[in-house]
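Undergrad:
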Amino acid sequence: MNDASTPERDKAAEEAQLRAVWDNPGGWRYWTSVNNTQIGLWYGATAFAFMLFAGLLALLVRAQLAVPENDLISPELYNQAFTLHGTVMMFLFAVPIFEAVAIFLLPPMLGARELPFPRLGAFGFWSFLIGGVFVCGSIFFGAAPNSGWFMYPPLATSEQAGIGADIWLLGLSFIEVASLAAAVELIVGIMKCRAPGMRINLMPLFAWYLLIVAGMILFAFPPLIAGDLLFEMQRMFDWPFFDPERGGDPLLWQHLFWIFGHPEVYIIFLPAIALLAMIIPTFAGRPIVGYSWIVLAAVGTGFLSFGLWVHHMFATGLPQISLAFFSAASAAVAIPTAVQIFVFIATMLAGRMIFSIPMLFATGGIAIFVMGGLTGVMVALVPFDWQAHDSYFIVAHLHYVLIGGMLFPVFAGLYYYYPLIDGKYMSESVGRLAFWLMFTGFNITFFPMHLAGLRGMPRRVYTYPADIGWDWLNLTSTMGAVVLGIGMFAVVVDVTLHRPDRPPRRKQNPWNAGTLEWLNEPEENWGVRSIPHIESRYPLWDQKNLAEEVRAGDWYLADAKEGRRETLVTSVLDAEPEQVLRVSGTAYVTIVSAALLGTVFVALTFKWWLISLVSGVAFVAAVIWWLWTGSGDIPEKENKDIGRGVSLPLYVSGVKSTGWWAMFITMTGDSTAFVSLVFGYFFYWTIHEDFTGGVSGPGAFWPMTALALFAAAWAATLAAREANRRAGIGVARVLLVLGAAFSVGGCAAALAGPWTSGMDPTAHVYPAIVWTLVIWAAVHGAVGVLMQLYCLARSLAGRLTARHDMDLHNVALYWHFMLVTALITFAVVGLFPRAL
Amino acid sequence: MWRLLPREVESLWTLFTAPIVWALHFLACYVGAAIFCEKPGFLGTDFQNLRVAIAVLTILSLAMIVVSAILAWRQWGFGTGDPPHDDPTRRDRLLFQGYATLLLSGLSFVAVVFTALPVLFVTECLR
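So the protein lines, in turn, are chains A and B. Numbering of the first sequence is given in the working numbering, commencing with residue 37 and proceeding in unit increments. Numbering of the second sequence is given in the working numbering, commencing with residue -9 and proceeding in unit increments.
#1: From the DSSP output, read off the bridge partner residues of A/D677.
#2: Exposed or buried, what is A/L92 when buried is set at 16 or more other beta-carbons lying within 10 Å of its beta-carbon?
#3: List the endpoints of the continuous alpha helix (DSSP H) containing A/R98.
#4: Three-state secondary structure (DSSP) at A/T603?
#5: Under 6 Å Cβ to Cβ from A/F405, same chain only, skipping five residues before and after it: list those, please.
#6: Consider the Cβ of A/M37: report whether some Cβ of chain B lies at a distance smaller than 8 Å.
#7: Tell me the start and end of each unbroken beta strand (DSSP E) in the segment 147 to 229 of chain A that is at least 3 residues and wholly inside, in chain order.
#8: Is it right to say B/Q65 is buried, meaning 16 or more other beta carbons lie within 10 angstroms of its own, or is it exposed?
#9: Let's test the definition: count the other Cβ atoms within 10 Å of the Cβ of B/R117 and tell me whether it reaches 16, buried, or not, exposed.
#10: Which class does B/T31 belong to by DSSP, given the choice of helix, strand or coil?
#11: Is the segment 627 to 638 of chain A touching the segment 673 to 691 of chain A, taking contact as three or more C-beta pairs under 8 Å?
#12: In chain order, what residues of the same chain have a beta carbon less than 6 Å from the beta carbon of A/F164, not counting five sequence neighbours either side?
#13: Does the beta carbon of A/W345 come closer than 8 Å to any beta carbon on chain B?
#14: Work out the CA separation of A/D595 and A/I805 for me, nearest whole Å.
#15: From the DSSP output, read off the bridge partner residues of A/K580.
#16: Would you say A/F397 and A/P445 are within 8 Å of each other, going by their C-beta atoms?
#17: Please name the residue or residues paired with A/V616 in a DSSP beta bridge.
#18: Just to make sure I have the definition right: I need the residues of chain B whose C-beta is within less than 7 Å of the C-beta of A/A368. Which are they?
#19: Could you tell me which of A/L771, A/G449, A/T702, A/R45 sits nearest to A/A308, measuring between CA atoms?
#20: Considering only C-alpha positions, which residue in the set A/N115, A/E150, A/W162 is nearest to A/L128?
#21: Which residue comes first and which comes last in the alpha helix (DSSP H) that contains A/W244?
#22: According to DSSP, what are the bridge partners of A/S366?
#23: Give me the DSSP bridge partner(s) of A/I874.
#24: Helix, strand or coil for A/K692 per DSSP?
#25: Considering only C-alpha positions, which residue in the set A/A158, A/M87, A/L266 is nearest to A/T73?
#26: For A/K882, does the three-state DSSP call read helix, strand or coil?
#27: List, in chain order, every chain A residue whose beta-carbon is nearer than 9 Å to that of B/A62.
#28: Following the continuous alpha helix (DSSP H) through A/F420, name the residue where it begins and the one where it ends.
#29: Does the beta-carbon of A/S194 have 16 or more other beta-carbons within 10 angstroms, so that it is buried, or is it exposed?
#30: Restricting to Cα atoms, I'd like to know which of A/L146, A/N115, A/F420 is closest to A/L96.
#31: Note down, in chain order, each residue of its chain lying with its Cβ closer than 7 Å to the Cβ of A/R235, except the 5 sequence neighbours on either side.
#32: Apart from the five residues on each side of it in sequence, which residues of its chain come closer than 7 Å, Cβ to Cβ, to B/A101?
#33: Going by DSSP, what residues sit across from A/S465 in a beta bridge?
#34: What does A/L608 reach in chain B if we use C-beta pairs closer than 8 Å?
#35: Identify the contact partners of B/F16 in chain A, using a Cβ-Cβ distance below 8 Å as the criterion.
#36: Closer than 8 Å, CB to CB, is B/L97 near chain A or not?
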């Protein structure tokens, strides 16, 4: 197998090349790095810091509740503290920490040098940081959100909610954008950037889980973004989406929030379980039992989790038949969840377990999670839920699920993967102490909450009288919280302060694990020295000498002669090599773009319209600059020799290119947000006798004209793509101009419908939702124009040719989605009211 | 052997067939019942009709899941090879896909039955 290491290769020179190409800039420019290792670390450290902050808020809440009739903090601060605690834990810790772990771990685990869109990952991180600091910082100005982490209207649309509600809506929308960016990055990375030979039946389970989770993000986050949009339109411009007096309904928010909120629980839980699926086989010293069953469980949970949202709304007075459907699905999801637990138990029983610190956290987490799962089945039953709804029983249930199903596995992962971060172990004794403090502290805190809840204590209550049997339960919880806090503090001390005397890692694969990420060298930034051919689920166990061969540069892509950062792209199912992908390097543009987009959201919060507009335009310009300089480069040669006699193209377009997949995935998420808005339209139709409220609609003429024009723009774009390939560049350019003109016309005609009929969006919810749909379509049309003109400019600049037409393929794909958006929008607003 | 689909489906998407059937069935049941109860008269007034409609839909969905399961079973070589299907060959990759699809069909079958169960017990738009 070593035939590639021919004598003329100068391996020292290769290593120097690779080191230079993947090197990070020094000094303050270090922060312009886009490498997955740095971004993953920064992302993880930031999320961890937010978690500690939210933990302190929780201690504040517990201190207030320690004794009856307490007035340690003001009711307003209390409201802000519990709202921010929930918000930060869910949006700034639980989801981002998994994105961080995935960005850090996936490339080495898949045998890739880098994820396909490093700058997108960096952009996501900076957006997350800016948005997170904005949301967290608000409490120091007494302006934090104060209506609970799910922001129910009418409370959150009222004056009492103050600017906190806007900070919540806009700050989190910004972070949701970062999550969608991460989802795109992860899906394309997992599907297309695996090492050659890593077929889908050999993929590490972590990758399977992350693939499913990233897919779930595409369908779960957009409904919340749509909800945020409606909510903010009501708060800013008085469009009455949730105001019953003008035809709105607060329940629509609950639907949109929980269509996001329930899958979110599994979006948090599955990656944590994925860590266990990597850790347990290592310490059992054997492959996982039931690989296919884990895949079943991951996919099954991913789907079923979307059929559960109404179980948060059992007390809202929906018909019992509707509640029963969701109760049934909530019971069904216990099946795949339990499958995973049993697979882990079976693996532990079949192997010879080593009870290391990661395993302590793993098994402790499973035990806690099972308890939370069982109370979950209880509250999935409608009659019981009616008793327990909004009580401390729910608080106990959700903390058992989230801390057992997420926090403990993350700590297990921290202890397990720490050697990959800085080449050293974390302290065994501190870890053991921390685990037992956390485990006992957790149970002392949260178990009594079940009882307090059953005794009628409502969640979010500021204080309580002394004589109703809640006092000792609350005091116990508070004492437990302190123990839990001390346990976490011990880990923090271990990570931050204990560095010099930590035992160094003795070997590259300290736990003797079987998966590829343990080839990673923390000292080097290049990921893997060379990209191996994979033949097993646990290559380090089964493929003899693999580690040595990889490190010796005997495998693929062992050099960087052209001075570019490169990784391999392989086929989805069998991971056959398809392309050498050149990924972008260090850049300012990601930080600038994130800062500009952040400014848009912050300015909107304070209603600084001009600043918001200017930064919005600047953001679009920055993104165009980013794409122009960082994507679709025409390589200096067709193919690159990657060693062992394999030569691969440097440029592909269409379905095979990573850019096409990214567009497809982004637009899938975008379409979900659109469908959520359409859901809103029909929701209003369902709940009202006459949903138009007597307001006349936009008519059929303008909507149909808009549809025709958008269809023409779509056809022109498609024709441009074909013409560019066959008939000649000149024809393609004319068609692009024509397409842009059609689509400008489409945008105008779209808005002309409600405009000419004089529909006032503040008068009633019907004109408001029609305007929203039409504006959505028009904005997408405008983005389509930008794309058409971008292709035109690329063509004129000689960066888009008959052979190198990636941009045009991606824009054509965008227009497919645009056509469907236009079709649905204008059929709904123009034809549906007439069909009734 | 009759063929609904080519003998070896080279796609990741077939894995999701049965769960997608579950999702569509679930959505149809929920939306159908919601419209029936919220807009009296729009989909008729007799709750019995709603129950029959859901029953028919359920049978159709289960039939589709069974077809998906049979195709998966065939892809899995009718169970001739035992898991774990971890050889680095195209054959084992196909067997793995078949097996995982079969398992998912089973889960989806149960989940569809779960979803349909309430109409056995609920007889009106009670709130």
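Backbone N, C-alpha and C fix where the C-beta goes; we use that ideal spot for every residue, glycine too.
TA: The structure says:
#1: Here residue 677 of chain A is taken as the residue at index 641 of the first sequence, counted from 1. Bridge pairing for A/D677: A/S683 [DSSP].
#2: Mapped onto the first sequence, residue 92 of chain A falls at position 56. Taking a 10 Å sphere around the C-beta of A/L92, we find fewer than 16 other C-beta atoms and assign the residue as exposed.
#3: Here residue 98 of chain A is taken as the residue at index 62 of the first sequence, counted from 1. Per DSSP, A/R98 belongs to the alpha helix (DSSP H) from 72 to 101.
#4: As a first step, residue 603 of chain A is located in the first sequence; it is residue number 567 there, counting from the start. In the structure shown, A/T603 falls within a strand segment according to DSSP collapsed to helix, strand and coil.
#5: Indexing the first sequence from 1 puts residue 405 of chain A at position 369. Answer for A/F405: G440, G441, listed in chain order.
#6: As a first step, residue 37 of chain A must be located in the first sequence, where it is residue number 1. Residue placement at A/M37 is poorly supported in this model, since its pLDDT is 41, which falls under 50; the coordinates are not used for a value here.
#7: none
#8: One-based indexing of the second sequence puts residue 65 of chain B at position 75. Classification for B/Q65: buried.
#9: Residue numbering aside, residue 117 of chain B sits at position 127 when the second sequence is read from its first letter. Per the 10 Å Cβ criterion, exposed.
#10: For the purposes of this step, residue 31 of chain B is identified with residue 41 of the second sequence, where counting begins at 1. According to the sequence displayed, residue 31 of chain B carries Gly and not Thr. If DSSP states are grouped into helix, strand and coil, B/G31 belongs with the strands.
#11: no
#12: As a position in the first sequence, residue 164 of chain A is number 128, starting the count at 1. These residues qualify, in order along the chain: P132, I211, A214.
#13: Locating residue 345 of chain A in the first sequence gives position 309, where the first residue counts as 1. Taking Cβ atoms only, chain B never reaches closer than 8 Å to A/W345, which makes this a no.
#14: Within the first sequence, the letter at position 769 stands for residue 805 of chain A. Within the first sequence, the letter at position 559 stands for residue 595 of chain A. Going by the C-alpha atoms only, they are around 56 Å apart.
#15: The sequence position of residue 580 of chain A within the first sequence is 544, counting from 1. None; A/K580 has no bridge partner.
#16: Counting from 1 along the first sequence, the entry for residue 397 of chain A is found at position 361. Counting from 1 along the first sequence, the entry for residue 445 of chain A is found at position 409. Less than 8 Å divides the Cβ of A/F397 from the Cβ of A/P445.
#17: The residue given as residue 616 of chain A occupies position 580 in the first sequence. Answer is A/L604, bridged to A/V616.
#18: In the first sequence, residue 368 of chain A corresponds to position 332, counting from 1. Within 7 Å Cβ-Cβ: V100, A101, F104.
#19: In the first sequence, residue 308 of chain A corresponds to position 272, counting from 1. With distances taken between Cα atoms, A/A308 lies closest to A/G449.
#20: Within the first sequence, residue 128 of chain A is the residue found at index 92, counting from 1. The shortest C-alpha separation from A/L128 is found at A/W162.
#21: Here residue 244 of chain A refers to the residue found at position 208 of the first sequence. A/W244 -> alpha helix (DSSP H) spans 241 to 273.
#22: Within the first sequence, the letter at position 330 stands for residue 366 of chain A. In the DSSP output, where bridge partners are listed per residue, A/S366 has none listed.
#23: In the structure as shown, chain A starts at 37 and stops at 872, and residue 874 of chain A therefore has no counterpart that could be examined.
#24: As a working note, residue 692 of chain A is residue 656 in the first sequence. Assignment of A/K692 by DSSP, reduced to helix, strand and coil, places it in the helix class.
#25: Taking the first residue of the first sequence as 1, we reach residue 73 of chain A at position 37. Comparing Cα positions, the closest option is A/A158.
#26: Lying before the first or after the last residue shown, residue 882 of chain A is absent from chain A, which here runs from 37 to 872.
#27: The sequence position of residue 62 of chain B within the second sequence is 72, counting from 1. By Cβ distance, chain A contributes nothing, its closest Cβ being about 11 Å from B/A62, past 9 Å.
#28: By one-based count along the first sequence, residue 420 of chain A stands at place 384. That run of the alpha helix (DSSP H) goes 418 to 424.
#29: By one-based count along the first sequence, residue 194 of chain A stands at place 158. A/S194 comes out exposed.
#30: Stepping through the first sequence from its first residue, residue 96 of chain A is reached at position 60. Between A/L96 and the set A/L146, A/N115, A/F420, the nearest pair of CA atoms involves A/N115.
#31: Taking the first residue of the first sequence as 1, we reach residue 235 of chain A at position 199. These residues qualify, in order along the chain: L609, D610, A611.
#32: By one-based count along the second sequence, residue 101 of chain B stands at place 111. Contacts found: W12.
#33: In the first sequence, the residue the question calls residue 465 of chain A occupies position 429. DSSP lists no partner for A/S465.
#34: By one-based count along the first sequence, residue 608 of chain A stands at place 572. First, the residue type needs correcting, since residue 608 of chain A is Val and not Leu in the sequence shown. Listed along chain B are L2, each with a C-beta nearer than 8 Å to that of A/V608.
#35: To locate residue 16 of chain B, count along the second sequence from 1; it is residue 26. Correct list: G343, F361, A365.
#36: Reading the second sequence from its first residue, position 107 is the one you call residue 97 of chain B. At a cut-off of 8 Å between beta-carbon atoms, B/L97 makes contact with chain A.
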